[in-house]
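Q: This is the structure, below, for whatever I ask next.
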Amino acid sequence: MSCPYTTLPASSFWRQAVAERSTADLDPHLPARLRFGPDQRIASAGSCFAQHISRALKARGYNYYVTEPAPAHLTPDQEERFGFGLFSARYGNIYSTLQLLQLIQRAFGGFQPADQFWTDRDGRVFDLLRPRITPKGYVSMIEAEADLKRHLRAVRQLIETTDIFIFTLGLTESWVSKLDGTVYPTCPGCGSAGDFDDARYAFHNLSVTETTGYLAEAINLMSAANPRLQIILTVSPVPLAATMEPRHVMQATTYSKSVLRVAAEEMVRRYDNVHYFGSYEIITNAKNAGAYFADDARSVTAEGVARAMTLFFAHFTADGAGAATRSDGDGDGHRPAAPAPAAQIVCDEDEFYRALAASRSN
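Read in this note's numbering, the sequence shown has 114 at position 115, and its numbers run on one by one without any break.
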């Protein structure tokens with residue numbers, strides 16, 4: 000018998016698939032099993048990088064599904080400040096698989112955090128699970144709880160009625176409540192609402208078993224509520240802003256992204272309705288030599304975002320290459336993708352860095 004490698008396509012070999020290709024021609028995907036059209040409902044959630052996907056979908060005229068819209072009286076700037084339209088519902092950034100799972104459980108009445116709200120010295124109430132959605136807080140607990148009920152209804156509606164759900168995995172490092180294991184998007188009191196108290200909050204870095212298990216449980220719950228649901232997973236290419244682990248932040252980043260990539264792969268192998276989009280590979284591959292990162296070696300450039308979105312639409316839309324190359328004046332009413340630079344997305348670590356700088360200057 001001949002060597003089995005002789006029958007493999009060029010995409011299986013590094014020399015043909017990577018080394019001999021230009022960076023502009025590099026595409027880490029094979030044909031996708033899923034292709035969606037402009038009429039299908041497409042929802043998204045995840046880390047900061049996920050906001051580029053929602054903006055690109057809206058810019059190209061696809062049916063980006065929002066179940067928690069902004070009040071009509073808000074301006075576009077106010078909508079963004081209060082967390083409307085960044086994602087399909089007003090949940091803010093979701094970084095870990097446990098955070099996603101707990102949100103789904105809460106939406107279906109299966110989990111009620113014991114330590115969710117915090118009141119500042121002026122009596123304003125903040126939701127620690129969505130610390131950026133009310134910059135000045137709620138006027139009362141009654142208002143906060145009413146808004147939370149509306150939010151969870153919107154999340155449940157989203158899960159039950161969307162056709163596509165895109166989730167960008169961002170982090171494994173988490174801060175959890177010692178009372179009941181509630182996971183927070185950020186460390187309370189570090190650039191966000193709350194006061195840090197090591198008697199109440201603990202750092203936890205999810206293992207590959209935990210990350211995979213929580214993601215599988217989330218997928219099971221969503222699929223049970225919506226049997227026709229298709230899920231696209233992707234991993235954020237953005238390195239950690241900081242690590243609580245006693246190791247260099249580069250090692251911590253490699254660990255976190257490796258775990259998330261393995262979790263995504265396991266889900267694709269396990270579930271027929273789960274698919275993977277390689278934004279991580281597009282941005283971080285060795286052939287690019289960091290060309291898609293800004294000078295801070297962390298922020299993804301506008302060119303990098305545009306390349307990732309071009310390949311996303313080429314592989315996952317019914318129009319394929321046509322969707323990837325639309326331009327102004329093509330006659331169909333669609334606008335080209337022009338996702339905002341990373342600096343314009345709403346991200347929790349922006350507040351983290353500002354708070355850290357302020358504390359060090361005191």
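Even for Gly, the Cβ is constructed at its ideal location relative to N, Cα and C.
Does DSSP classify residue 204 as helix, strand or coil?
A: strand
Q: By the DSSP assignment, the beta strand (DSSP E) with residue 275 in it spans what residues?
A: 273 to 275
Q: With a Cβ-Cβ cutoff of 8 Å, do residue 117 and residue 127 count as a contact?
A: yes
Q: Using the Cα positions of residue 167 and residue 4, report the straight-line distance between them to the nearest angstrom.
A: 33 Å
Q: Could you give the DSSP three-state label for residue 282: helix, strand or coil?
A: helix
Q: Reducing DSSP to helix, strand and coil, say where residue 44 ends up.
A: strand
Q: Which same chain residues, not among the five before or five after residue 345, have their C-beta less than 6 Å away from its C-beta?
A: 85
Q: Is residue 119 helix, strand or coil when you go by DSSP?
A: coil
Q: Among 107, 56 and 33, which residue has its Cα nearest to the Cα of residue 43?
A: 56
Q: Going by DSSP, what residues sit across from residue 183 in a beta bridge?
A: 174
Q: Answer yes or no: do residue 163 and residue 103 have a C-beta to C-beta separation smaller than 8 Å?
A: no
Q: Tell me residue 316's beta-bridge partners as DSSP assigns them.
A: Residue 316 is bridged by DSSP to 35.
Q: Please classify residue 331 as buried or exposed, where buried requires at least 16 other C-beta atoms within 10 Å of its C-beta.
A: Confidence at residue 331 is low in this model, with a pLDDT of 44, below 50, so the placement of that residue should be treated as unreliable; the coordinate-derived value is given next. Burial call: exposed.
Q: Count the other CB atoms within 10 Å of the CB of residue 141; is the residue buried (16 or more) or exposed (fewer)?
A: exposed
Q: At a cut of 8 Å, does the segment 185 to 195 reach the segment 244 to 257 through at least three beta carbon pairs?
A: no
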